[in-house]
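**Student:**
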Amino acid sequence: MSFWARPGVALRRAEVSDGETLSALHTSAFQRGWSDAEFESLLVQHGVNALLADYRGRLGRRAPAGFILYRITDEEAEILSVGVAPDYRRKGVGRQLLEEALRHVYREGVRDIHLEVEDSNQAAIALYRDAEFRESGRRTGYYTQGREKPGSALVMQRQLR
Ligand SMILES: CC(C)(COP(=O)(O)OP(=O)(O)OC[C@H]1O[C@@H](n2cnc3c(N)ncnc32)[C@H](O)[C@@H]1OP(=O)(O)O)[C@@H](O)C(=O)NCCC(=O)NCCS
97 MSFWARPGVA LRRAEVSDGE TLSALHTSAF QRGWSDAEFE SLLVQHGVNA
147 LLADYRGRLG RRAPAGFILY RITDEEAEIL SVGVAPDYRR KGVGRQLLEE
197 ALRHVYREGV RDIHLEVEDS NQAAIALYRD AEFRESGRRT GYYTQGREKP
247 GSALVMQRQL R
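Each residue of the sequence shown is one higher than the one before, counting from 97 in my numbering.
#1: Compute the beta-carbon to beta-carbon distance between S131 and S119, rounded to the nearest angstrom, for a pair I have assumed lies under 8 Å.
#2: Give every residue of the same chain whose Cβ lies closer than 6 Å to the Cβ of I175, excluding the five residues on either side of it in the sequence, and list them in chain order.
#3: Rounded to the nearest angstrom, what separates G179 and S124 at their Cα positions?
#4: If you run the structure through DSSP and keep just helix, strand and coil, what is V144?
#5: Count the other CB atoms, across all protein chains shown, that sit within 10 Å of the CB of R199; report buried if there are 16 or more and exposed otherwise.
#6: By alpha-carbon positions, which one of I164, L256, R108 and G242 ends up nearest to Y202?
#7: I'd like to check one pair, R234 with V251: are the Cβ atoms closer than 8 Å?
#8: State the start and end residues of the unbroken beta strand (DSSP E) segment that holds S216.
#9: Which same chain residues, not among the five before or five after T117, have their C-beta less than 6 Å away from its C-beta?
#10: Tell me the rounded alpha-carbon separation between Y239 and A173.
#11: Which stretch, first to last residue, makes up the beta strand (DSSP E) that contains E172?
#12: Bridge partners of E231, per DSSP?
#13: Can we count Q218 as close to ligand 1, meaning its CB is less than 7 Å from some heavy atom?
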């Protein structure tokens, strides 16, 4: 690798042994972190997959920057979580993770992929719209944890074939 390597993102499939890295990324991206054990118990489930993004800076140093977690069930898939650490946002990490997950589920024969996102989460909604997801429903009072007033979720969907 060249010393003055161009900054960029490298993606890889996460293994069960990546629970600690995923947990640290989740904690940095969300108010409530998921533990190593929660990630490990998800990753052993049939159809659950995760991708990790390493960000390589100008000096060639790599750091875990983001993840995406998704579940494939026959011809459907669901994005369970996606997060990018604050220092690495707006560098295309989230978009690359989402595009690679979409390529993977397409290869697996998936027809429809859906997700839930809080209706106030403008960054995530913009990311999903950019990736051709469209709103297909709304769930009121969906987000309750640690809140006085529950938040509503948008259901977003993309048809792949
Ligand atoms: C949502 C999130 C994953 C986006 O990751 P990211 O790596 O910063 O996104 P990218 O740089 O790949 O952006 C891709 C596109 O998404 C949209 N976008 C991303 N962040 C945005 C923001 N803060 N405001 C508006 N649009 C935004 C833009 O369309 C952007 O394209 P552009 O940079 O060419 O304008 C990141 O903000 C995050 O981790 N947020 C906290 C966790 C979270 O809310 N996850 C989603 C739960 S459903």
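Quick reminder that beta carbons are idealized off the backbone N, C-alpha and C, glycines included.
From a predicted model like this one, the values you see are computed outputs, not experimental measurements.
**Tutor:** A quick look at the data gives this:
#1: Counted from its first residue, the sequence shown places residue 131 at position 35. Counted from its first residue, the sequence shown places residue 119 at position 23. Between S119 and S131 the Cβ distance is about 6 Å, and since that is below 8 Å, they are a contact.
#2: The residue labelled residue 175 in the question sits at position 79 within the sequence shown. Excluding residues within five positions, the ones whose Cβ falls inside 6 Å are Y166 and L211.
#3: Numbered from its first residue, the sequence shown carries residue 179 at position 83. Numbered from its first residue, the sequence shown carries residue 124 at position 28. The alpha-carbon atoms of G179 and S124 are separated by roughly 8 Å.
#4: Translated into the one-based positions of the sequence shown, residue 144 becomes position 48. Of the three classes helix, strand and coil, the one that applies to V144 here is strand, per DSSP.
#5: Working through the sequence shown from its first residue, we reach residue 199 at position 103. The residue is exposed, with fewer than 16 neighbouring Cβ atoms inside 10 Å.
#6: Position 106 of the sequence shown holds residue 202. When each option's Cα is compared against that of Y202, the closest is L256.
#7: Taking the first residue of the sequence shown as position 1, residue 251 is located at position 155. Taking the first residue of the sequence shown as position 1, residue 234 is located at position 138. Yes, the pair counts as a contact, with Cβ atoms nearer than the cut-off.
#8: By one-based count along the sequence shown, residue 216 stands at place 120. Note, S216: premise wrong, no beta strand (DSSP E); not H, not E.
#9: Mapped onto the sequence shown, residue 117 falls at position 21. P160.
#10: By one-based count along the sequence shown, residue 239 stands at place 143. By one-based count along the sequence shown, residue 173 stands at place 77. Approximately 21 Å, taken between the alpha carbons.
#11: As a working mapping, residue 172 is identified with position 76 in the sequence shown. Its beta strand (DSSP E) spans residues E172 to V180.
#12: Within the sequence shown, numbered from 1, the residue matching residue 231 stands at position 135. Per DSSP, M252.
#13: What you label residue 218 is simply residue 122 of the sequence shown in a count that begins at 1. Result yes, Cβ under 7 Å from ligand 1.
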